[in-house]
């Protein structure tokens, strides 16, 4: 058959320069970031964090005036109100990130895998010769860029306004608390990616991951002695890192190790879940 | 002639339902093969297993002599029944992205993507968002992204079923060109599409293979002479026809070997006789007709079509 012989010749010649798995991974991360950019998430999520970050020092600064205007406090209370420390304000800022910030991040990440699987777009991607680790990993990486970027922007804004209005805080305290708190949010985002792989419903994924994070925090809060090594203690360590010199007990290291272990476990489980339904690889 | 893919005893069950029950087939390099069957026969399941999107319950797939282990994806370009893309991307961006996922460098992928967009007739819409594409355009974009890494095997699930007649003709035209360049496997429930494009056909029914082979040889092997007879609609003629058919059926049951007629069916006042020997059968029928002074409206002698065979195979 002359047609097919000619065709075979073409096929042998067609070889193009192949990039490695790293190259494909980079292409996928690029696509995820472009998606975040085109959907404006890369713009408004940092803005929300910056707003939250500025609000805390500003509201602390104006609190006496606000209370005075409200006007139903006895004389002398306001004059005697202690001025908050800069470090305290920053710890409160982190608490803001822990509620509204967590909610925003979970909502942004909740459909990251399930959305593509539900629409069928994932099946066109997964038939390409890519590894499932790259697929999950690229989404995770892009979400981390968003998370760390937003957190850093919001926290630095808070630090700047605190310095202006209340009192300066050493930069190294900011960095250490930022790193610890970033790990806490990384845990949240990783769990959201995992639940987004496991559950069809994006809302379910957001609910589950926020639930997990809340349970972690709650357990570490109720049993500080027994569960001080658990990842739930991380947010507490972050507050300490900025407000007081951190009490680096034996637990601190363990909390980081356990958080990293859960993150790695959740990513591996997400890949496993995805592979269970297909035979790719 | 080498086998591009050999499928052996491929089975898939979902819970207690067996969607595909142990099918075997071989696709030769350079051939165009249609997976033909009614809805729910297991076509999509089979295709998804070949592409690696679905894990088989049991059975083997051998690509170029090596067991499938996920690396077959490098060889395959896949177009699903209704492809879903990223609506926020432009058509060109998507094809470039598909190329990079197949391991092409950004520069190579861009060059190839432009070429393919031109080829599938989308160069005017290359810079538009996919969200605004029509069904036919999406199907053509799906073809472009499936072809970007020059796959050895192009796998398509119902490539034209969801399209209007115009879109259908466009895509079929493209496929006709493509099958000159690469091996093609596609599923369809429309016999006509298979007949028009393919060398080989695999007819599946209830998850198993009902019939497979080259279209030309199937047509040759299963071609049987038939006589179609239509009478005027007066009582006498109709009475004669039903008694004649009853008589033939009785004769068949008595002695299947020597009977001239193998099958007699009456449908919408048209009798169809599948016969063994056309000459003898025609002679005998004509003699009966003149002797009984039956009012014939139409008498036609011909051969069974592939359509008849298909209907018989999938409804048997």
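Chains as they are written, first to last, in the working numbering: chain R, -13 to 267; chain S, 149 to 464.
C-beta atoms are modelled at their ideal positions from N, C-alpha and C, and glycine is treated no differently.
Exercise. Would you kindly report the start and end of the unbroken beta strand (DSSP E) that includes residue 231 of chain S?
Key: Careful: residue 231 of chain S lies outside any beta strand (DSSP E) and carries neither H nor E.
Quiz item: Under the rule that 16 or more other beta-carbon atoms within 10 Å means buried, what is residue 230 of chain R, buried or exposed?
Solution: exposed
Practice problem: Please name the residue in S/291, S/312 and S/212 whose C-alpha comes closest to that of residue 261 of chain S. | Solution: S/291
Quiz prompt | residue 226 of chain S versus residue 385 of chain S - alpha carbon distance | solution = 57 Å
Practice problem: Please check if any C-beta of chain R sits within less than 8 Å of the C-beta of residue 307 of chain S. | Solution: no
Self-check item: Cβ pair residue 274 of chain S, residue 265 of chain S closer than 8 Å
Solution: yes
Quiz item: Excluding the five sequence neighbours on either side, which residues of its own chain have a C-beta within less than 7 Å of the C-beta of residue 129 of chain R, listed in chain order?
Solution: 95, 98, 175 and 179
Exercise. Return yes when the Cβ of residue 353 of chain S is within less than 8 Å of the Cβ of residue 185 of chain S, no when it is not.
Key: yes
Self-check item: First through last residue of the beta strand (DSSP E) which encompasses residue 331 of chain S
Solution: 331 to 336
Quiz prompt | Beta-carbon spacing of residue 228 of chain R, residue 152 of chain R below 8 Å | solution = Not closer than 8 Å, so no.
Quiz item: Applying a beta-carbon distance threshold of less than 7 Å, which residues of chain S neighbour residue 107 of chain R?
Solution: 232, 233 and 234
Exercise. Under 7 Å between beta-carbons, which chain S residues line up against residue 103 of chain R? List them in chain order, please.
Key: Near residue 103 of chain R there are no residues of chain S at all, since even the closest Cβ is about 10 Å away, more than 7 Å.
Quiz item: Under three-state DSSP, which class holds residue 207 of chain S?
Solution: strand
Practice problem: Indicate the three-state DSSP secondary structure (helix, strand or coil) for residue 325 of chain S in the structure shown. | Solution: For residue 325 of chain S, the secondary structure class from DSSP, reduced to helix, strand or coil, is helix.
Exercise. Just confirm the distance between the C-beta atoms of residue 301 of chain S and residue 153 of chain S, as a whole number of angstroms; I'd bet it's less than 8 Å.
Key: That belief holds up - the Cβ atoms of residue 301 of chain S and residue 153 of chain S are roughly 7 Å apart, short of 8 Å.
Quiz item: In angstroms, rounded to a whole number, what distance separates the CA positions of residue 269 of chain R and residue 89 of chain R?
Solution: The first residue shown for chain R is -13 and the last is 267, placing residue 269 of chain R beyond what the model contains.
Self-check item: As assigned by DSSP and simplified to three states, the class of residue 186 of chain S
Solution: coil
Practice problem: With a cut-off of 8 Å on the beta carbons, I'd call residue 169 of chain S and residue 204 of chain S a contact; round off their distance for me. | Solution: The pair is not a contact, with the Cβ atoms about 12 Å apart (cut-off 8 Å).
Practice problem: Check the Cβ of residue 13 of chain R against every Cβ in chain S and list those closer than 7 Å, keeping chain order. | Solution: 245, 248 and 249
Quiz prompt | Short Cβ contact (8 Å threshold) for residue 79 of chain R with residue 55 of chain R | solution = no
Quiz item: So which residues of chain S does residue 17 of chain R contact, with C-beta pairs closer than 7 Å?
Solution: 245
Practice problem: Would you please verify whether the beta carbon of residue 228 of chain S is less than 8 Å from any beta carbon of chain R? | Solution: yes
Practice problem: Using beta-carbon positions only, say whether residue 299 of chain S and residue 323 of chain S come within less than 8 Å of one another. | Solution: no
Practice problem: Using beta-carbon positions only, say whether residue 393 of chain S and residue 433 of chain S come within less than 8 Å of one another. | Solution: no
Practice problem: Please state if the CB of residue 172 of chain R and the CB of residue 249 of chain R are separated by a distance shorter than 8 Å. | Solution: yes
Self-check item: 6 Å CB neighbourhood of residue 194 of chain S in its chain, flanking five on each side removed
Solution: 168
Quiz item: Should the stretch 343 to 357 of chain S be called in touch with the stretch 204 to 213 of chain S, which here means at least 3 C-beta pairs below 8 Å?
Solution: no
Self-check item: Span of the alpha helix (DSSP H), counted from its first residue to its last, around residue 401 of chain S
Solution: 383 to 402
Quiz prompt | Those runs of the alpha helix (DSSP H) which lie wholly inside the stretch 123 to 186 of chain R and span at least 4 residues | solution = 157 to 184
Quiz item: Relative to the alpha-carbon of residue 412 of chain S, which residue among S/427, S/396 and S/190 has its alpha-carbon at the smallest distance?
Solution: S/396
Quiz item: What's the call for residue 200 of chain R, buried or exposed, on a 16-neighbour Cβ count within 10 Å?
Solution: exposed
Self-check item: Residue nearest to residue 239 of chain S in terms of C-alpha spacing, selected from S/282, S/229, S/199 and S/255
Solution: S/282
Quiz item: First and last residue of the beta strand (DSSP E) that includes residue 304 of chain S?
Solution: Taken as a continuous stretch (DSSP letters only), the beta strand (DSSP E) holding residue 304 of chain S covers 301 to 305.
Quiz item: Is the CB of residue 222 of chain S under 8 Å away from at least one CB in chain R?
Solution: yes
Exercise. Whole angstroms is fine: what's the gap from residue 145 of chain R's alpha carbon to residue 155 of chain R's?
Key: 7 Å
Quiz item: How is residue 95 of chain R classed by DSSP in three states: helix, strand or coil?
Solution: Residue state, collapsed to three classes: helix.
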